[in-house]
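Asker: Sequential numbering of the sequence shown, starting at 6, is according to the numbering used here.
Every residue, glycine too, gets a C-beta built ideally from N, C-alpha and C.
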Amino acid sequence: MNNRFIKILALASSSALFLSGCGSSSNSAFQSGASGTDANSGTISQKNFSILTADVAPAVIDISTGIFTKTDVELTVFIGDRNNQTLTDSHTINFVAEYGLVEPNCVTKDGSCSVTWSAIKRPDPGGPGDDGRVTITAFTTGEEGFTDTNGNGVYDDGDAAFDDLDEPFVDANEDNVFNVGDTIIDVKSSGDSTGKNQVHDFADGFFNGGGCKHSSLCSSNKSITIFDSVSMSLVSGTASRTIGGTVTGLLGVDLILQNNGGDDLPITVNGNYTFATPVEDGMTYNVTVLSEPNTPNQTCTVVNKTGSVSANVTNVNVTCSTNTFTIAGNVTGLPGGETLTLQNNGGDNLVINANGAFIFATPIADGATYNVTVLTDPATATCTPSGGTGAGTVSNADVTNVTIGCI
Numbered sequence: 006m007n008n009r010f011i012k013i014l015a016l017a018s019s020s021a022l023f024l025s026g027c028g029s030s031s032n033s034a035f036q037s038g039a040s041g042t043d044a045n046s047g048t049i050s051q052k053n054f055s056i057l058t059a060d061v062a063p064a065v066i067d068i069s070t071g072i073f074t075k076t077d078v079e080l081t082v083f084i085g086d087r088n089n090q091t092l093t094d095s096h097t098i099n100f101v102a103e104y105g106l107v108e109p110n111c112v113t114k115d116g117s118c119s120v121t122w123s124a125i126k127r128p129d130p131g132g133p134g135d136d137g138r139v140t141i142t143a144f145t146t147g148e149e150g151f152t153d154t155n156g157n158g159v160y161d162d163g164d165a166a167f168d169d170l171d172e173p174f175v176d177a178n179e180d181n182v183f184n185v186g187d188t189i190i191d192v193k194s195s196g197d198s199t200g201k202n203q204v205h206d207f208a209d210g211f212f213n214g215g216g217c218k219h220s221s222l223c224s225s226n227k228s229i230t231i232f233d234s235v236s237m238s239l240v241s242g243t244a245s246r247t248i249g250g251t252v253t254g255l256l257g258v259d260l261i262l263q264n265n266g267g268d269d270l271p272i273t274v275n276g277n278y279t280f281a282t283p284v285e286d287g288m289t290y291n292v293t294v295l296s297e298p299n300t301p302n303q304t305c306t307v308v309n310k311t312g313s314v315s316a317n318v319t320n321v322n323v324t325c326s327t328n329t330f331t332i333a334g335n336v337t338g339l340p341g342g343e344t345l346t347l348q349n350n351g352g353d354n355l356v357i358n359a360n361g362a363f364i365f366a367t368p369i370a371d372g373a374t375y376n377v378t379v380l381t382d383p384a385t386a387t388c389t390p391s392g393g394t395g396a397g398t399v400s401n402a403d404v405t406n407v408t409i410g411c412i
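1) Where does P109 land, buried or exposed, given buried means 16+ other C-beta within 10 angstroms?
2) Quickly, what does DSSP pair Y278 with across the bridge? List them, please.
3) Would you mind reading off the limits of the beta strand (DSSP E) that contains L255?
4) Which residues in the same chain have their Cβ closer than 8 Å to the Cβ of G397, if we skip the five residues on either side of it in sequence?
5) From P390 to N277, what distance separates their C-alpha atoms?
6) Spell out a yes or no on whether the segment 308–315 and the segment 289–297 are touching, meaning 3 or more CB-CB pairs, one atom from each, closer than 8 Å.
7) Based on DSSP bridge pairs, tell me the residues matched to A62.
8) Looking at C111: is its Cβ nearer than 7 Å to the Cβ of I98?
9) Can you say whether T230 is buried or exposed, counting buried as having 16 or more other CB atoms within 10 angstroms of its CB?
10) Taking just the CA atoms, how far does W122 sit from D129?
11) Taking all protein chains shown into account, do 16 or more other C-beta atoms lie within 10 angstroms of the C-beta of N302, making it buried, or fewer, making it exposed?
12) From which residue to which residue does the beta strand (DSSP E) around P390 run?
13) Do you know offhand how far S220's Cα is from D162's?
14) Using the C-alpha atoms, what's the distance from I189 back to N202?
15) Under the assumption that Y104 contacts V139 (Cβ atoms under 8 Å), give the Cβ distance between them as a whole number of angstroms.
16) Which word fits P173, buried or exposed, when buried means at least 16 other C-beta atoms lie within 10 angstroms of its C-beta?
17) Hey, how far is the Cα of T154 from the Cα of D164?
18) Using the rule of at least 16 other Cβ atoms within 10 Å of the residue's Cβ for burial, across every protein chain shown, is P271 buried or exposed?
19) Helix, strand or coil, according to DSSP, for N53 in the structure here?
20) Can you check which of these residues, D94, S326, G137, is closest to G71 by C-alpha distance?
21) Less than 7 Å between the beta carbons of T279 and T247, yes or no?
22) CB-CB under 8 Å to G338, same chain, minus the five flanking residues each way: which ones, in chain order?
23) Would you grab the beta carbon distance between D233 and A143 for me? Rounded to a whole angstrom, and I think it's under 8 Å.
24) Output needed for T1: all residues of its chain with C-beta closer than 8 Å, excluding positions within five of it in sequence on either side, in chain order.
25) Identify the continuous beta strand (DSSP E) that holds G147 and give its terminal residues.
26) What residue does the beta strand (DSSP E) around I231 start on, and which one ends it?
27) How big is the Cα-Cα spacing for G131 and N213?
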């Protein structure tokens with residue numbers, strides 16, 4: 006069982022270091038033959054109070070199919086005293102479950118007793134059990150456990166630690182700490198006369214048990230409600246999750262995405278997408294571009310493209326941008342020492358001061374048109390694009406054949 010209590014360290018000088026705590030058992034098996042005089046023989050000790058389940062993962066809900074199955078699970082409590090001796094008959098043990106039905110109590114015989122927990126209906130959405138787990142708490146009257154360092158059977162200044170118990174509660178999130186939302190088991194706390202007070206009472210910092218001989222840590226209460234919890238997983242099978250995201254910037258056609266090297270998904274418009282084949286929990290996904298868009302030709306990048314699945318994936322985003330290409334050519338016949346100014350599409354002015362190759366600074370998107378013209382002729386010549394090379398449509402390649410002849 007989990008150690009869900011926090012110990013109080015008692016110093017030999019009778020001073021103590023106090024830590025807050027909650028309760029549960031610290032043992033997994035009882036021992037016999039402990040030495041020393043037991044001042045509280047026959048009382049159940051927190052350190053020897055355990056609840057066990059016959060099935061830690063009953064198949065109540067198959068998450069791969071969504072099928073709910075009515076299920077019964079046997080729960081057994083084992084008890085012992087502070088000297089690790091198994092106790093026998095007629096101790097009543099009470100039970101509370103956060104989900105499902107559990108028999109309210111059982112009476113021990115030969116140191117144990119059992120009840121049945123049952124799942125009779127599917128958990129309500131957002132309610133107890135909907136997270137796929139259930140916690141059952143057993144509680145009864147007993148005493149706080151302690152580490153009997155000097156072996157004399159009583160808690161005194163020579164002992165190192167004891168279980169400083171909260172009031173029992175059902176630890177829904179299994180963090181071993183009482184939180185808002187945990188179910189209070191409202192009992193007659195610390196042996197006082199106030200009865201149920203509708204609040205969770207925290208540990209009092211004193212040893213609640215019989216025969217206490219400590220100089221400063223003995224409570225007037227000789228008993229307290231002790232408790233232990235067990236949690237079970239309700240699910241079987243493997244959940245499947247969808248993989249998807251959003252596409253933006255798409256102008257072309259024939260964009261195809263893949264996940265994990267398959268499950269081809271053609272994309273025709275901007276917006277949300279989801280692959281047809283889900284991926285099981287714990288497995289990985291890897292979204293890639295199988296075919297880039299064309300007409301116009303584009304390049305698409307994938308963000309958040311890989312990961313491990315634990316829920317539906319909706320943030321694998323694809324951004325497409327149109328490819329761009331340069332417009333370039335050659336000038337011939339330019340008189341020495343003179344300049345020529347060219348334009349493309351009415352702008353992007355380019356001053357030419359020598360014959361030879363030229364290139365405009367601003368690239369043009371695939372599928373767009375270009376139109377190279379002469380803005381300013383040289384002083385002693387007239388220049389024009391020749392052979393129809395000055396205008397055209399960019400087609401997935403740089404344009405390099407614009408010829409400007411000066412005469």
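Answerer: Reading from the atomic positions:
1) A residue is called buried when at least 16 other Cβ atoms come within 10 angstroms of its Cβ; P109 does not meet this threshold and is exposed.
2) According to DSSP, which records beta bridges pairwise, Y278 is partnered with G250.
3) Here L255 belongs to no beta strand (DSSP E), and DSSP marks it neither H nor E.
4) Closer than 8 Å at the Cβ level, and outside the excluded window around G397, lie T374, Y375, V404.
5) Computed Cα separation, rounded: 47 Å.
6) By the C-beta criterion, the segment 308–315 is judged to be in contact with the segment 289–297, since at least 3 inter-stretch pairs fall below 8 Å.
7) Beta-bridge partners of A62 (DSSP): none assigned.
8) Going by C-beta atoms, C111 is nearer than 7 Å to I98.
9) With 16 or more other Cβ atoms inside 10 Å of its own Cβ, T230 counts as buried.
10) Straight-line Cα distance between these residues: approximately 18 Å.
11) N302 comes out buried.
12) Its beta strand (DSSP E) spans residues 388–390.
13) When the Cα atoms are used, S220 and D162 turn out to be separated by approximately 7 Å.
14) Near 11 Å, if we compare the C-alpha coordinates of I189 and N202.
15) Between Y104 and V139, the beta carbon gap of about 5 Å places them in contact (Cβ cut-off 8 Å).
16) Burial call: buried.
17) The C-alpha of T154 lies about 5 Å from the C-alpha of D164.
18) The residue is exposed, with fewer than 16 neighbouring Cβ atoms inside 10 Å.
19) In this structure, N53 counts as helix in the three-state DSSP scheme.
20) From the listed residues D94, S326, G137, the smallest Cα separation to G71 is found for G137.
21) Their beta carbons are under 7 Å apart, which means T279 touches T247 by this criterion.
22) Result list for G338: N360, A386, C388, G410, C411, I412, in chain order.
23) About 6 Å; that satisfies the 8 Å criterion.
24) Coverage of the chain is limited to positions 6 through 412, which leaves residue 1 absent and any answer about it impossible.
25) Residue range 138–147 is occupied by the beta strand (DSSP E) that includes G147.
26) For I231, the enclosing beta strand (DSSP E) has its first and last residue at 229–238.
27) Answer to the nearest angstrom: the Cα atoms are 38 Å apart.
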